[in-house]
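**Q**
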Amino acid sequence: MASDYLWFEGIPFPSVGYRTEDLKSVKNEFVVRDGDVIMLSFPKSGTNWLREIISLIYSKGDPNWIRSVPIWDRSPWLETKAGYEQLQKKEGARIYTSHLPIQLFPKSFFDSKAKMIYLLRNPRDVITSGFYFYRILKVCKYPQTFDQYFEWFLQGNVPFGSWFDHCQGWLQMRGKENFFIITYEELHQDLRTSVEKIFQFLGEKLDSKELNSVLKNVSFKAMQDNKMSNHTLIPDTFMDHSQGQLLRKGVTGDWKRHFTVAQSEAFDKIYREKMVGLPPGLCPWG
Ligand code: A3P
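Take the sequence shown: its position 31, counted from the start at 1, is 31 in the UniProt record's numbering, and no numbers get skipped.
(1) Could you give the DSSP three-state label for residue 18: helix, strand or coil?
(2) I want to know whether the stretch 98-113 touches the stretch 191-205 - three or more CB-CB distances under 8 Å.
(3) Could you check whether the stretch 47-60 touches the stretch 215-227, counting it as contact only if at least three pairs of C-beta atoms, one from each stretch, sit closer than 8 Å?
(4) Just jot down, in chain order, the residues whose CB lies closer than 5 Å to any heavy atom of ligand 1.
(5) Identify, in the order they occur along the chain, each residue of the same chain with its Cβ nearer than 6 Å to the Cβ of residue 137, setting aside the five sequence neighbours on each side.
(6) Just the Cα atoms here: how many angstroms apart are residue 7 and residue 29?
(7) Spatial neighbours of residue 214 within its chain, please: CB distance less than 6 Å, with the 5 preceding and 5 following residues excluded, ordered by chain position.
(8) Return the Cβ separation of residue 120 and residue 183 in integer angstroms, given the expectation that the two are a contact with Cβ distance under 8 Å.
(9) Going by other Cβ atoms of all chains shown within 10 Å of its Cβ, with 16 needed for buried, is residue 1 buried or exposed?
(10) From residue 10 to residue 159, what distance separates their C-alpha atoms?
(11) Name the one or two DSSP bridge partners that residue 7 has.
(12) What number of angstroms, rounded off, separates the C-alpha of residue 272 from the C-alpha of residue 43?
(13) Which class does residue 191 belong to by DSSP, given the choice of helix, strand or coil?
(14) Near residue 67, what residues of its chain come up, given a Cβ to Cβ distance below 7 Å and the 5 sequence neighbours on each side ignored?
(15) If the criterion is Cβ atoms closer than 8 Å, does the pair residue 236 and residue 113 meet it?
(16) Which complete beta strand (DSSP E) runs does the stretch 158-204 hold, if anything under 3 residues is left out?
(17) How would you label residue 13, buried or exposed, when you count the other beta carbons within 10 angstroms and need 16 or more for buried?
(18) Can you tell which of 101, 98, 100 and 78 has the C-alpha that lies nearest to the C-alpha of residue 90?
(19) Mind checking residue 20: buried by the 16 CB within 10 Å criterion, or exposed?
(20) Do the stretch 241-261 and the stretch 74-88 meet, that is, are 3 or more Cβ pairs less than 8 Å apart?
(21) Going by DSSP, what residue range makes up the alpha helix (DSSP H) through residue 213?
(22) Taking C-alpha atoms, which residue in 17, 40, 49 and 134 lies nearest to residue 83?
(23) Along the chain, where does the alpha helix (DSSP H) containing residue 32 start, and where does it finish?
(24) What residues in its chain sit with their C-beta under 7 Å from that of residue 132, if we drop five residues either side in the sequence?
(25) Please classify residue 187 as buried or exposed, where buried requires at least 16 neighbouring CB atoms within 10 angstroms.
(26) Let me confirm a value: residue 64 is counted as buried when at least 16 other C-beta atoms fall within 10 Å, else exposed. Which label applies?
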């Protein structure tokens, strides 16, 4: 059954898998290590695509790891109870994923050399993707209609709060050596160049055979077919697999089939107001 949120410092979280005490510890006590690699995004930005890319970069294109270990064990969620415990136990450098807004992220990160990749997506497609996803995920509020979800999104009444605040918060980090920004749209437009940029940022090297294998294994179809990545391993009690899947369409611009003209105009206006101050081109879909 769909349920309401867990609230922490004014931010809504899914009601299962997250605990106030962990969120407090993540922020105040978790020690980010210099070698850590962190993928950061607002939900529905293509996070799992990036996770698969990173996994394959570290396995040099060898698909054995992505086909034998669930995606959440390869790059645990920092803010969930399970992920937090797993990361605490792991020695050495770690790869992990987070949707946290900047003010809830471990304080220790800001003095570390850990590398962070911030993934952005056109927020109109983030809304569209979220509408369908929260109709199958049973641990968040269930949107009855697209209109309802659209309003929730604008109010920040969706998991991890306001997209605008999330983005404005994290983009303060732009220009820092250990902070790399990439968009879902860039991945779509030129996956090869995007993957090259990512592994160069991480200080990794891949030859052309390895790179080709990464590209092949992160295609929408390959991920849909990989049960370690397509989220079908999540029990039915948490996700209603009969109603849809995380890898839903995997396209850009699907929002155009969902927004009314009035919604599109309202969104443009709010976007301009909320994203004021960002350099042109940083969020190219403004
Ligand atoms: P859609 O719902 O628009 O299809 P997240 O991983 O942050 O939850 O984001 C999920 C979105 O990323 C979904 O968007 C999903 O289809 C898309 N996605 C995941 N893997 C992808 C891939 N390999 N290629 C393209 N899109 C992908």
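C-beta atoms are modelled at their ideal positions from N, C-alpha and C, and glycine is treated no differently.
**A** In terms of the structure at hand:
(1) Residue mapping note: residue 18 aligns to position 18 of the sequence shown, counting from 1. Looking at residue 18 - three-state DSSP - the assignment turns out to be coil, as it is neither helix nor strand.
(2) no
(3) yes
(4) 44, 45, 46, 47, 48, 49, 129, 220, 223, 247, 248, 249 and 250
(5) Start at 1 with the first residue of the sequence shown, and residue 137 comes out as number 137. Here residue 137 has 239 as same chain residues with Cβ atoms under 6 Å from its own Cβ, once five neighbours each way along the sequence are excluded.
(6) Here the question's residue 7 lines up with position 7 in the sequence shown. Here the question's residue 29 lines up with position 29 in the sequence shown. For residue 7 and residue 29, the distance between alpha carbons rounds to 20 Å.
(7) The residue you call residue 214 lines up with position 214 of the sequence shown. Excluding residues within five positions, the ones whose Cβ falls inside 6 Å are 56, 61 and 195.
(8) Counted from its first residue, the sequence shown places residue 120 at position 120. Counted from its first residue, the sequence shown places residue 183 at position 183. Confirmed, Cβ separation roughly 5 Å.
(9) Residue 1 sits at position 1 when you count from the first residue of the sequence shown. For residue 1, the predicted model reports a pLDDT of 47, less than 50, meaning its position is unreliable and no value from the coordinates is stated.
(10) Against the sequence shown, residue 10 aligns to sequence position 10. Against the sequence shown, residue 159 aligns to sequence position 159. Whole-angstrom Cα-Cα distance: 11 Å.
(11) Residue mapping note: residue 7 aligns to position 7 of the sequence shown, counting from 1. Residue 7 is bridged to 12.
(12) Translated into the one-based positions of the sequence shown, residue 272 becomes position 272. Translated into the one-based positions of the sequence shown, residue 43 becomes position 43. It is roughly 21 Å from the alpha-carbon of residue 272 to the alpha-carbon of residue 43.
(13) Working through the sequence shown from its first residue, we reach residue 191 at position 191. If DSSP states are grouped into helix, strand and coil, residue 191 belongs with the helices.
(14) Taking the sequence shown and counting its residues from 1, one reaches residue 67 at position 67. Around residue 67: 226 and 228.
(15) For the purposes of this step, residue 236 is identified with residue 236 of the sequence shown, where counting begins at 1. For the purposes of this step, residue 113 is identified with residue 113 of the sequence shown, where counting begins at 1. For residue 236 and residue 113, no; Cβs fall outside 8 Å.
(16) 179-183
(17) Within the sequence shown, the letter at position 13 stands for residue 13. Classification of residue 13: buried, given that the 10 Å Cβ count is 16 or more.
(18) In the sequence shown, counting from the first residue as 1, residue 90 sits at position 90. Nearest C-alpha to residue 90: 78.
(19) For the purposes of this step, residue 20 is identified with residue 20 of the sequence shown, where counting begins at 1. Answer is exposed; the Cβ neighbour count stays below 16.
(20) no
(21) The count along the sequence shown starts at 1 and reaches residue 213 at position 213. Its alpha helix (DSSP H) spans residues 208-217.
(22) Here residue 83 corresponds to residue number 83 of the sequence shown, with the count starting at 1. Comparing Cα positions, the closest option is 17.
(23) Working through the sequence shown from its first residue, we reach residue 32 at position 32. Run containing residue 32: none; DSSP gives neither H nor E here.
(24) The count along the sequence shown starts at 1 and reaches residue 132 at position 132. Contacts found: 244 and 248.
(25) Translated into the one-based positions of the sequence shown, residue 187 becomes position 187. By the C-beta density criterion, residue 187 is buried, having at least 16 other C-beta atoms within 10 angstroms.
(26) On the sequence shown, position 64 is the one that residue 64 refers to. It is exposed - the Cβ of residue 64 has fewer than 16 other Cβ atoms within 10 Å.
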